[in-house]
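Undergrad: Dropping the structure in here first, questions after.
Protein chains: 6
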Amino acid sequence: MLIRDFKIGEEITGYYLVKAKNIKTSSANKTYIDFTLQDISGEVNAKLWEAKGDVESQYNPGEIVKIMASVTQWQQTSQLKIIKIRGLLPEDEVDFSQFIPTAPIEAQTMLNEILAFVDEMKTEDVKRLVLALIEVYRKPLMYYPAAKSNHHAIKSGLLYHILRMLRSAKALGSVYKNINIDLVYAGVILHDIEKINEMDATEVGVVEGYTKEGQLLGHIIMGIKRIDQVSEKLGIDPEVSLLIQHMILTHHYEPEFGSPKKPLIPEGELLHYLDMIDARMYDMNKALKDVEPEQFTDPVFVLDRRKLYKSKYGTSEDY
Amino acid sequence: MLIRDFKIGEEITGYYLVKAKNIKTSSANKTYIDFTLQDISGEVNAKLWEAKGDVESQYNPGEIVKIMASVTQWQQTSQLKIIKIRGLLPEDEVDFSQFIPTAPIEAQTMLNEILAFVDEMKTEDVKRLVLALIEVYRKPLMYYPAAKSNHHAIKSGLLYHILRMLRSAKALGSVYKNINIDLVYAGVILHDIEKINEMDATEVGVVEGYTKEGQLLGHIIMGIKRIDQVSEKLGIDPEVSLLIQHMILTHHYEPEFGSPKKPLIPEGELLHYLDMIDARMYDMNKALKDVEPEQFTDPVFVLDRRKLYKSKYGTSEDY
Amino acid sequence: MLIRDFKIGEEITGYYLVKAKNIKTSSANKTYIDFTLQDISGEVNAKLWEAKGDVESQYNPGEIVKIMASVTQWQQTSQLKIIKIRGLLPEDEVDFSQFIPTAPIEAQTMLNEILAFVDEMKTEDVKRLVLALIEVYRKPLMYYPAAKSNHHAIKSGLLYHILRMLRSAKALGSVYKNINIDLVYAGVILHDIEKINEMDATEVGVVEGYTKEGQLLGHIIMGIKRIDQVSEKLGIDPEVSLLIQHMILTHHYEPEFGSPKKPLIPEGELLHYLDMIDARMYDMNKALKDVEPEQFTDPVFVLDRRKLYKSKYGTSEDY
Amino acid sequence: MLIRDFKIGEEITGYYLVKAKNIKTSSANKTYIDFTLQDISGEVNAKLWEAKGDVESQYNPGEIVKIMASVTQWQQTSQLKIIKIRGLLPEDEVDFSQFIPTAPIEAQTMLNEILAFVDEMKTEDVKRLVLALIEVYRKPLMYYPAAKSNHHAIKSGLLYHILRMLRSAKALGSVYKNINIDLVYAGVILHDIEKINEMDATEVGVVEGYTKEGQLLGHIIMGIKRIDQVSEKLGIDPEVSLLIQHMILTHHYEPEFGSPKKPLIPEGELLHYLDMIDARMYDMNKALKDVEPEQFTDPVFVLDRRKLYKSKYGTSEDY
Amino acid sequence: MLIRDFKIGEEITGYYLVKAKNIKTSSANKTYIDFTLQDISGEVNAKLWEAKGDVESQYNPGEIVKIMASVTQWQQTSQLKIIKIRGLLPEDEVDFSQFIPTAPIEAQTMLNEILAFVDEMKTEDVKRLVLALIEVYRKPLMYYPAAKSNHHAIKSGLLYHILRMLRSAKALGSVYKNINIDLVYAGVILHDIEKINEMDATEVGVVEGYTKEGQLLGHIIMGIKRIDQVSEKLGIDPEVSLLIQHMILTHHYEPEFGSPKKPLIPEGELLHYLDMIDARMYDMNKALKDVEPEQFTDPVFVLDRRKLYKSKYGTSEDY
Amino acid sequence: MLIRDFKIGEEITGYYLVKAKNIKTSSANKTYIDFTLQDISGEVNAKLWEAKGDVESQYNPGEIVKIMASVTQWQQTSQLKIIKIRGLLPEDEVDFSQFIPTAPIEAQTMLNEILAFVDEMKTEDVKRLVLALIEVYRKPLMYYPAAKSNHHAIKSGLLYHILRMLRSAKALGSVYKNINIDLVYAGVILHDIEKINEMDATEVGVVEGYTKEGQLLGHIIMGIKRIDQVSEKLGIDPEVSLLIQHMILTHHYEPEFGSPKKPLIPEGELLHYLDMIDARMYDMNKALKDVEPEQFTDPVFVLDRRKLYKSKYGTSEDY
């Protein structure tokens, strides 16, 4: 049964991915285990009150467990009280992709479409630089999410974020003729690329934390340094390298969000708005997709605690 | 000779539109006339030091004058010292459109394209409401600018602003499926429509000031009231009317820019970004179009005093 | 016994109004009921651990229950552990007004005094408009609170807020002669009037939530639209209607509090301060009235978390 | 002729007070004198181009001069070009009060009314403290303005500000019973009293600058110190002294306006709003009193550059 | 065993200081005692579930108790479940200084060093004023902390804060010659001196709360008043007194941190930075001293929730 | 005669450096030259009304001219009206250093002292990195100012800024033991080093503008990239390189001043305060050094428009 469909008072049985596990001591001074379990539909907290056997070495994050549990309530959300738990047996046939929220398009397909955009580029040095950098990150790019907990925090979320922004860029490029579309494409592909080194993520697309360099410098500064290094190695026109570094530096737009300067070229200005639109459409769709028409959501933290409205005329996508 | 091409020290002759006229007294206690003259390429200040005859009744704003003048300099910009001046004679053959910056597409053509977007709408009540409102404003819509001095402050600028936003909306509508495109189109067409009653503009597209209601309420509140009235008269589904009012209320996004609430529907969120992108692309193109490659502009007031950069790879449009 | 007088460790018996009721599951996986009970002196949380019988259909919000309970402590406040509970029996003689905090003046008396203020108006169109609008809201006006949880969140609180502001307006009108007192009276009476349609309140004066239009537009915009409609129907001088709409638009004064413009007429400026003073005197009196002299209150959320001081020379009112 | 009535192009003759005088050198390298002249209706800039004789020692600030001059225009305002100038002769009969904007009530009358308010006080120590402090400042209180250039920057403006606030305090004291009116009266009388030592003002009510202590500490801190000293000397109840010091400390309400703490007693909260209302009514009346109905003012600096509106129903006082 | 070294699951025995004690009622309606215990290494929460005997009168804050307890876990931190508890017996030999975090230098030694700085002063009136004030506060100065919970919240913390700032002042005084070092020393010694009357602290250096005057005025205003009084009594040059009052007024630098004015003399500017540096070095050292190299701390509340980094090259002091 | 000593009305003769030169047209339509002249004591505007000969090619910025001129006044400051002007003749004996404000210590002496600090470093990789970078910038370091118009905008100002900060760092390093002094020294030497490539400065120490990379990225980002490149080339321990990059990134402390992150190590925190102190002491000394005791300065733009006070006990340095 999908986590999204749990009802308080029921007893459920099923396979779930262990996302987090903590060994704790209760007020009655007993050891228990506090899990976060996950499937494709969401997450749930689960308590194993009677923790027997070698609980320390078993059921670790990244493993799949089979449980029987009753659905209880704790402060407005459901919680599981685990009755039985076991690890996977050889005869269990489970499909890992059922447990991990993933971009709705297959990673290789997305990469191919992105490469097709690169193929359209007419400015040779922009193309060479972008291709070289895609090569550098090709492996992690296939599964990295675009964030730890906000928009596109799903497997291959970064690729999906890039792809949708490229599609939008192409669309707007047909309306606004005062931009060099190659620079916009390059900015889109590279703007968040060093998130791959800023965050530690497992191959299932879950971010476990931030790296040392990520905390001390951040992905914007790290991206600028990387472009600088690769450009120098490849002998890219310094103006190309500088413009792309400037676009990365400015794409968060406001100092308090990490951009000490604002865009001084229209391609940078557009990049910022493409990024905002894609993030906001993602977050709004996610918040609204399970809401009934003419109802409001709970306050959405990442959208300034707005309570969104699903209008009678509203629609949603399924990612 | 176009104002843009004046060089300090030259003597010029030509026809120009009087944009503003002030009668002043010099430090030597003599009366002189201070003009702002305009043609399609820009504006220039001009002094008529020896004002003879009935200067009060002649050469008023909106008239075209023929002048001979020398180009002088005052605080970094050129200024004219008028040597001869006269009004239009019957034999002068001047084309008014040479003096007024105008949207690069003909007004009727733009309106037709906008109506074609409306024609695509599938939600009957949205379509009826939008068509009724276009009818209300049809005449001033043909020439109204979109602002007094910022983006699209040109003849038919409001139509041009709407049209480009509609094109972008359509393009993004093909990328993001979680929006009702009819609502977005309606929001785009109506978001600034009460600027027509907020500002006083002449038929040549020059804003002369703000109306009483414009100053006391502003075009956002005025637009909401108008939609409310027309919806009630036409028996529009209250949900449609409410959603469009909400989009108008929220499209400036931040309280300090006039929106006391933020968008609670994705269509409103997108409307805000479409508006921003169109305004910024317009302002950036205007600031950069006469700049040499690899040069910076002066600080642009409306873009937070940024000094924009015209890159070697940059391009511009001619509006 | 009044809730305000509960002492930890005691056992109490009495009648209380159910303000909220939630069915929950304990960590021991048992169902229990979590009540908020209320009387005229305040509110208290109460747990019914042994919930027997048809707990779902009984003891709902708005009903009065008789309970026996012990007073326990949870995080600095008292809490009830219910021992016995039953609904009202025919023989119980309870006076509903004992359970609901209510304005200290009877609603009809307040309305009469307000109508006497209207009677003093000399500007005919202001008077007609105000009387017509009082007529529209007359029924809910008798019991609506002025807020969900802040100042005047009591039965008939809106009337009480209006009345005290009118009294202050009259008093200040005798000091400041540069205001049209009719406009100030009209602003006072109408400034929050659409809270009646922004919030859902029961007839006992408890706000249950916000309406759809309330969330998408808010009472300020709703009030402007309503005045616009009624003014048009009655043929009110447009200047009168516009000024009152402007006063409503600006009475929150700051954009971040919902007013996109500031008052441009002295009557609007004064309205803002009358509103502030009445709210602040109410909130301060409420926070201080049960405090001993020379003591400080806990931080008061609605007053920027200030800890107010009850001076030796301080005094309080009993509302 | 009153300065307010000057018309550009006319020649005028009359007596005016010298408010400021600067000796300057023109671009043609000649010495000229730049005056600011004043009468009861306003101020005007005046140039004496042909400065002959001992211009350094004559026509100093505070003196009255008789001039003949032509009214010219400089940047939207009128300016005088002086043709003849002389000092007062024994036979000139001029009334100084014609040249100095003054509160509309006679100083002694205002002081008497203020003392009558003090007489109503029931808390003996508050009364003693206030009377002692009035005694300290009695002489300068008769003519001090309440500010250098904003509200009540007129002769006896401080008395007038105090008096109107006391009247309002009394009026509101009849509406709100949770305040000790004696404390409010004391706060009103003393809140700005050390402006007398913060600013240097002449006996004609013109502020010439700030004192050293005024710049290094400011009137709020200076007032607290003064109340502390006098209270100790008179053996005032420390609670009384502390509360009044607290009211002075907090009456500007926001840190960025000079109050590091917010009021913790209702009397302090009310004092703040009484101060705001009196200042705003004064400034709005001043800005609007010479405006035609249905017109807007120019941006008023001290009111956040708002352009106020004089409605058809508006009214003004003559101070 | 030191609190810092507790390990979850162990059973410990030892002497600890009672820092706080609350009598509470459990969800099972039983009375229990909630302690905060402390030793030199830190604090821990401890529950006495089976509270027998006269728990109200025993084990009060400031007393030392001997306990046997098991170390449990609650929300990421350890907590004690008390098994046995008793007060001190005559035969227990405990050293109070083992329980109270104290400045790393003995109080009298610090005071002597501070007096040596005063001895260096060349401006007689500065020296007299400072000595007189040290005399006033000599007793509490020996044990007062510098804050309730932030930097230097330890016994004799205020002395330690002053001393380190004096050492830094002397050091910087040898680099910057545009300051009067006597004024800087005076500012350092007196800037927080009225914290002694703003906060209530026990002789073991624990702050129990704020005084009435502390809450209504704050230590900055109180310090200014005190300096004013003492200066007047001693006949100090008013310029000296005014400058030191100004330094105290401005040393928090920003209005929102309590300084309504900014420093107008370089000595005040330097005082602010000396204060910041000492507080920040203290807080950073405290947060980092128990962290392993190449690890990050948890978010530090008092440092804007930064997660500090202990570098491979970092070092710490032992206070 | 030094510019500082000009008196209005006098006629002066002397040698001055041309800092800026503009050819303009007067209102009478004549060409004139507008100079900014400079000597060691300050700057002055000078007009050459009768510009004869090849004025375009002569008297350019960087040249020294001999002039005779009368001192006139324009808007509160003095201005020169040039009577005679000529360029330098072979027989003129002028010392360039008389015309250029320069750090008070000789550049080579400062560099030597800085190198002595480096010599003290114990962390080998820090030392190697710093020495390598000093080598890169050695030539421009000898004359570069530290800013375009604010603190240390003098010849060799950057060296002087570094040197004073190093002296302070050493002094504070003896007070605070929780810092690695080598890292602080490295941060001080390198924090502004890329100002050399951000600004274009002549060898006389005058900044003429910002470079392309300076405007698009800024010296903070440029410095990080440079340290990254050099570290990689030299095989510096990545932790050393990362820490120094982090210190440069964070030394402006607030996002709105260009630091997207705050310091996470105490060495970075201290660097920020060392930078602030040195800048503020410089700016305050400059503003106060020519002020009489017990007087205030005009508002100082770079110090938030504060009017500083020169106290009776104040002192100044002569740079």
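Taken in order, these protein sequences are the chains called A, B, C, D, E and F.
Everything in the first sequence is counted per the working numbering, starting at 1 for the first residue and increasing by one.
Everything in the second sequence is counted per the working numbering, starting at 320 for the first residue and increasing by one.
Everything in the third sequence is counted per the working numbering, starting at 639 for the first residue and increasing by one.
Everything in the fourth sequence is counted per the working numbering, starting at 958 for the first residue and increasing by one.
Everything in the fifth sequence is counted per the working numbering, starting at 1277 for the first residue and increasing by one.
Everything in the sixth sequence is counted per the working numbering, starting at 1596 for the first residue and increasing by one.
Idealized CB from N, CA, C, for every residue including glycine.
Would you call the CB atoms of Asp-1235 (chain D) and Ser-1125 (chain D) closer than 8 angstroms?
TA: Closer than 8 angstroms, so yes.
Undergrad: Using a Cβ-Cβ distance cut-off of 8 angstroms, determine whether Leu-249 (chain A) contacts chain B.
TA: No, no contact with chain B.
Undergrad: Would you kindly work out how many angstroms separate the C-alpha atoms of Ser-1665 (chain F) and Glu-1050 (chain D), rounded to a whole number?
TA: The straight-line gap from Cα to Cα measures roughly 45 angstroms.
Undergrad: Give the DSSP-derived three-state secondary structure of Asp-5 (chain A) in the structure shown.
TA: Three-state result, Asp-5 (chain A): helix.
Undergrad: Quick one: does Gly-506 (chain B) have its CB under 8 angstroms from some CB of chain A?
TA: Closer than 8 angstroms: no.
Undergrad: Using a Cβ-Cβ distance cut-off of 8 angstroms, determine whether Met-1418 (chain E) contacts chain F.
TA: Taking Cβ atoms only, chain F never reaches closer than 8 angstroms to Met-1418 (chain E), which makes this a no.
Undergrad: Which residues in chain E sit within 8 angstroms of Leu-1859 (chain F), going by Cβ to Cβ distance?
TA: Result: Phe-1572, Arg-1582, Lys-1583, Leu-1584 and Tyr-1585.
Undergrad: Between Ile-1438 (chain E) and chain F, is there a C-beta pair that is closer than 8 angstroms?
TA: So, not an interface residue.
Undergrad: Terminal residues of the continuous beta strand (DSSP E) containing Lys-1004 (chain D)?
TA: Counting along the chain, the beta strand (DSSP E) containing Lys-1004 (chain D) begins and ends at 999–1005.
Undergrad: Are the CB atoms of Lys-950 (chain C) and Asp-936 (chain C) within a distance shorter than 8 angstroms?
TA: No. Outside cutoff.
Undergrad: Name the chain B residues whose beta carbon is nearer than 8 angstroms to that of Thr-315 (chain A)?
TA: The answer, in chain order, is Lys-496, Asn-497, Ile-498 and Asn-499.
Undergrad: Nearest to Tyr-309 (chain A) by CA position, among B:Tyr-628, B:Ile-498, B:Ile-402 and B:Thr-332, is which residue?
TA: Out of B:Tyr-628, B:Ile-498, B:Ile-402 and B:Thr-332, B:Ile-498 has the C-alpha closest to the C-alpha of Tyr-309 (chain A).
Undergrad: Quick one: which chain E residues come within Cβ less than 8 angstroms of Lys-24 (chain A)?
TA: The contacting residues are Gln-1349.
Undergrad: Helix, strand or coil for Phe-1258 (chain D) per DSSP?
TA: Of the three classes helix, strand and coil, the one that applies to Phe-1258 (chain D) here is helix, per DSSP.
Undergrad: Within a Cβ cutoff of 6 angstroms, which residues of the same chain sit near Leu-1767 (chain F), ignoring the five residues on either side of it in sequence?
TA: Around Leu-1767 (chain F): no qualifying Cβ.
Undergrad: Between which residues of its own chain and Asp-594 (chain B) is the CB-CB distance below 7 angstroms, once the five residues before and five after are set aside?
TA: Counting only Cβ-Cβ distances below 7 angstroms, and skipping sequence neighbours, we find Met-484, His-510 and His-570.
Undergrad: List the residues of chain A that Met-600 (chain B) touches, going by C-beta distances under 8 angstroms, in chain order.
TA: Simply Tyr-176, Asn-178, Ile-179, Pro-266, Glu-269 and Leu-270.
Undergrad: With a threshold of 8 angstroms between beta-carbons, can Gln-534 (chain B) be considered close to chain D, or not?
TA: Yes, because at least one Cβ of chain D sits closer than 8 angstroms to the Cβ of Gln-534 (chain B).
Undergrad: With a threshold of 16 other CB atoms inside 10 Å of the CB of Leu-1613 (chain E), please say whether the residue is buried or exposed.
TA: Absent from the structure is residue 1613 (chain E), since the part of chain E shown begins at 1277 and ends at 1595.
Undergrad: Looking only at its own chain, which residues have a Cβ that is under 7 angstroms from the Cβ of Glu-194 (chain A), when we skip the five neighbours before and after it?
TA: Once the five neighbours on either side are set aside, the close Cβ partners of Glu-194 (chain A) are His-219, Met-222, Gly-223 and Arg-226.
Undergrad: Can you grab the Cα-Cα spacing for the pair Glu-1092 (chain D) / Gly-1114 (chain D), in whole Å?
TA: Approximately 18 angstroms between the Cα atoms of the pair.
Undergrad: Taking 8 angstroms as the threshold (beta carbon to beta carbon), is Glu-894 (chain C) in contact with chain D?
TA: No, because no Cβ of chain D sits closer than 8 angstroms to the Cβ of Glu-894 (chain C).
Undergrad: Taking Tyr-1167 (chain D) as part of the beta strand (DSSP E), name the residues at either end of that continuous run.
TA: Tyr-1167 (chain D) -> beta strand (DSSP E) spans 1164–1167.
Undergrad: My understanding is that His-421 (chain B) touches Ile-473 (chain B), with C-beta atoms under 8 angstroms, so please give their C-beta distance in whole angstroms.
TA: The question names His, yet the displayed sequence has Thr at residue 421 (chain B). The pair is a contact, with the Cβ atoms about 6 angstroms apart (cut-off 8 angstroms).
Undergrad: Where DSSP assigns a beta bridge to Val-1028 (chain D), which residues make up the other side?
TA: Paired residue(s): D:Leu-1037.
Undergrad: Is there a Cβ of chain B sitting closer than 8 angstroms to that of Ile-772 (chain C), yes or no?
TA: So no, Ile-772 (chain C) is outside the interface.
Undergrad: Give the straight-line distance between the Cα atoms of Thr-1289 (chain E) and Leu-1278 (chain E), rounded to the nearest whole angstrom.
TA: Spanning the two alpha carbons is a distance of roughly 10 angstroms.
Undergrad: Give me the chain E residues within the contact set of Glu-1834 (chain F), using Cβ-Cβ distance strictly less than 9 angstroms, ordered along the chain.
TA: Neighbours of Glu-1834 (chain F) on chain E, chain order: Glu-1570, Ser-1587, Lys-1588 and Tyr-1589.
Undergrad: In the DSSP assignment, find the beta strand (DSSP E) that holds Met-518 (chain B) and state where it starts and stops.
TA: From DSSP, the beta strand (DSSP E) with Met-518 (chain B) extends over 518–520.
Undergrad: With three or more beta-carbon pairs closer than 8 angstroms as the criterion, would you say the stretch 104–111 of chain A touches the stretch 130–147 of chain A?
TA: Cβ pair count under 8 angstroms is three or more, so yes.
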